[in-house]
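Everything below concerns the one structure shown next.
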Amino acid sequence: MPRKHPTDELHRLTSAIQALNVRWSRQALALWQGLPPEHAPDRLYAGFEAVLTPETIAGASDIPDDKTRTRIRHGLIDHYLQRQLMPHETEMQAWSRGAAAHVDGEKIYFRDVIPWCQKSSTLAKRQRLQQETGPLCKLLKPFAVNYWKVVLDTLTAEFDFDNYIDYCRQKKGIDYHRLYRQVKVLVDQTDAYYFAAMDAWSHARFNLPVQQLTRFDAIYLLSLGQWDRLCPVNAPEETLGFFRHWGLDPAHHPGLHLDLSTSAEKSAQAITVMVRIPREIHILMRPEGGWVDVETLWHELGHGLSAVSTDPSLSEVDRELATAFNLSETYAFLLQRMALSRPVLERVMGLPEATVATIGYYKDLKDLSVFRRYAAKFISEYEMFTGGDLTDGQPYADTMARITGFYHQPESHLFDLVPEFYCADYLLGWMGEAVLADHLTGRFGEYGCLDPLAGEWLKSLWRQGNAADMFAFFETNGLDELTAAPLLRRWRRLSETPAA
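One point on numbering: in my numbering, the residue at position 199 of the sequence shown is 188, and numbering is uninterrupted.
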């Protein structure tokens, strides 16, 4: 029997983790805004050295409640690891900050690759980018390898995890072995109509088969930029009036801060920074124009609105110390899909039927393509951490090309790797989105997202915050089992609907 963990010690640990989370959130916020951070990297953990020790973390194992024990223990491990990695990350970031590809006189920094591919590139320029980035990845690879060596050695030597998958499983409560098998089946089930539809799209757009395109071409294609001329809004915030149906005003919601400026100092990657839930949530994005901005804003609003709607009376552990964010991704994907759904395109944006059908078809194809990219990354990462060679990028490149159709550079594999199998959180979030979308339609009808009662239903889910993990959440709320069946029904329509 574990001995009882004193209440004052539990409060001390919870407060320490929360204080460090706030420091890190403010650090991220400043960096994304292009502002100087409040703390120098070597001062982020000043004053918390006594908390971040193996002995303290071992003591957290005595907390009786399973959920509280997991969230406190892994919150401490997170910061312990981050402190260990700080010198390595600082060095890698210093080298990465100046990394840039030279394409026909343009200097494309790594951080700007995605928006450049979406809005400023041509097929020939993207091919040149492909040639330029390979050597840059090779140059930076030793830093990435060293980062992962520190992570894996620390987890196995200091905290006795069997391996990296064991660590992630204990932290997030996900059976990665089962999910790996499930995802491989999903890939097989969508192969035929995915490749038929994607090959037709690539031929129509480039007069080339998808196998002759690269990851950078996928970024361009999946931005839906070829239909930006049909987008009826000049700025993504013009769509925020939709939320009046739900009694919400995201632009003036207490605790929610939107930064949608086009400042060049800002990061090109959109992000939601949760400083304190529900009191201070920031959404940052740098608009580039067109449909991708609308999707991006609504995706981040899924994170932001659910966070600021969390019941403030929940404990800190239930509000702010979640160890997985797949439920937040569920809400983000739900709103992202809603942004380009028939009710919004037709009733809110006033688009004609032909345009609605075209955008709807390619939105579904884009979603399937991105889902398969996450699936390919998860499969690659799983195999990399179950006996594969972390330094060998060829298996990653082969898997990505086989599942997405687009060529991926072997040299880039460690720079496409997101810690803690976050791709799995995306996959689960997308499955959860489809289940919620079916429930919403079943309860409120095809145009139910315009019904104020639908908004009240969603807010009742958001109020629960992070009290339950994703699997318990679906069970306790009487939702269907978390499966990919609704997604498969949605995507099978791609084989029946001709592209416009």
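Ideal Cβ positions, reconstructed from N, Cα and C, are used throughout, including at glycine.
All values reported here derive from a predicted model rather than from experimental measurement.
*Does the region 228 to 239 come close enough to the region 289 to 301 to have 3 or more Cβ pairs within less than 8 Å?*
yes
*Count the other CB atoms within 10 Å of the CB of Leu576; is the residue buried (16 or more) or exposed (fewer)?*
Absent from the structure is residue 576, since the part of the chain shown begins at -10 and ends at 489.
*Any idea which residues DSSP pairs Lys160 with across the strands?*
Lys160 is not bridged to any residue.
*Cβ contact check for the region 214 to 233 and the region 397 to 410: 3 or more pairs under 8 Å*: no
_Per-residue burial, His91 [other beta carbons within 10 Å of its own, 16 or more giving buried]_ = exposed
*Between which two residues does the beta strand (DSSP E) harbouring Ile270 extend?*
269 to 273
*Label His192 either buried or exposed according to how many other C-beta atoms from any shown protein chain fall within 10 Å of its C-beta, with 16 as the threshold for buried.*
exposed
*Is it buried or exposed for Val566, if we count other Cβ within 10 angstroms and need 16 for buried?*
Given that the chain is displayed from residue -10 to residue 489, the structure contains no residue 566 and the question cannot be resolved.
*Since Ala90 sits in a beta bridge, which residues does DSSP pair it with?*
Ile97
*For the region 354 to 372 and the region 170 to 185, state whether three or more C-beta atom pairs, one from each stretch, are separated by less than 8 Å.*
yes
*asked:* Using only CA atoms, which one of Met274, Thr347, Asn315 lies nearest to Leu249?
replied: Met274
_Report the start-end ranges of each alpha helix (DSSP H) in the region 127 to 175 that is 4 residues or longer and not cut off at the edges._
153 to 161
*Could you give the distance in angstroms between the alpha-carbon of Arg117 and the alpha-carbon of Lys127?*
17 Å
*Could you check the C-alpha separation between Phe524 and Leu129 for me, to the nearest Å?*
The structure shown has nothing for residue 524, since the chain only spans -10 to 489.
*Assuming Ala413 and Leu429 form a contact by the criterion Cβ under 8 Å, report the distance between their Cβ atoms to the nearest whole angstrom.*
Actually they do not touch by this definition, with Cβ atoms about 24 Å apart.
*Would you say the beta carbon of Ile368 comes nearer than 7 Å to a heavy atom of the ligand ZN?*
Annotation note on the ligand ZN: not contained in the displayed structure, which lists no ligands.
*Keeping to the same chain, check which residues put their C-beta closer than 6 Å to that of Met75; ignore five residues upstream and five downstream.*
Pro30
*Rounded Cβ spacing between Lys160 and His68 (contact assumed at less than 8 Å)*: So it is not a contact: roughly 13 Å between Cβ atoms.
*Taking Cβ to Cβ, would you say Ala311 is nearer than 8 Å to Asn455?*
yes
*Could you pull the start and end residues of the alpha helix (DSSP H) that His288 belongs to?*
280 to 297
*Can you give me the start and stop residues for the beta strand (DSSP E) that Val262 sits inside?*
260 to 265
*May I have the straight-line CA-CA distance separating Lys114 from Leu229, to the nearest angstrom?*
35 Å
*Given Tyr136, which residues of its chain have a CB within under 6 Å of its CB, disregarding the five upstream and five downstream residues?*
His77
*Reduced DSSP secondary structure (H/G/I, E/B, other) of Tyr396*: strand
*Just how far apart, CA to CA, sit Asp511 and Phe433?*
No information on residue 511 is available, as it lies outside the stretch -10 to 489 that the chain covers here.
*Using three-state DSSP, classify Asp180 as helix, strand or coil.*
helix
*Option in Gly36, Leu65, Glu38 with minimal Cα separation from Ala49*: Leu65
*Taking only the alpha-carbon atoms, compute the straight-line gap between Pro276 and Thr251 and give it to the nearest angstrom.*
6 Å
_Only counting the same chain, and skipping five residues up and downstream in sequence, which positions put a Cβ closer than 7 Å to that of Leu209?_
The sequence given here has Tyr at residue 209, not Leu. Contacts found: Cys106, Gln107, Ser110, Arg115.
*In this structure, what does DSSP give as the bridge partners for Thr203?*
Tyr396
*Hey, out of Asn466, Thr465, Trp419, Gln453, whose CA is closest to Trp480's CA?*
Trp419
*What are the start and end residues of the beta strand (DSSP E) that includes Leu247?*
245 to 248
_Would you call the region 377 to 393 in contact with the region 155 to 172, where contact means no fewer than 3 C-beta pairs closer than 8 Å?_
no
*Residue range of the unbroken alpha helix (DSSP H) whose run includes Ser449*: 441 to 451
*Please go through the same chain and pick out, in chain order, the residues whose beta-carbon is closer than 7 Å to the beta-carbon of Ser449, but skip the five residues on each side of it.*
none
*Taking the Cβ atom as the reference point for each residue, do Ala186 and Leu354 lie within a distance shorter than 8 Å?*
yes
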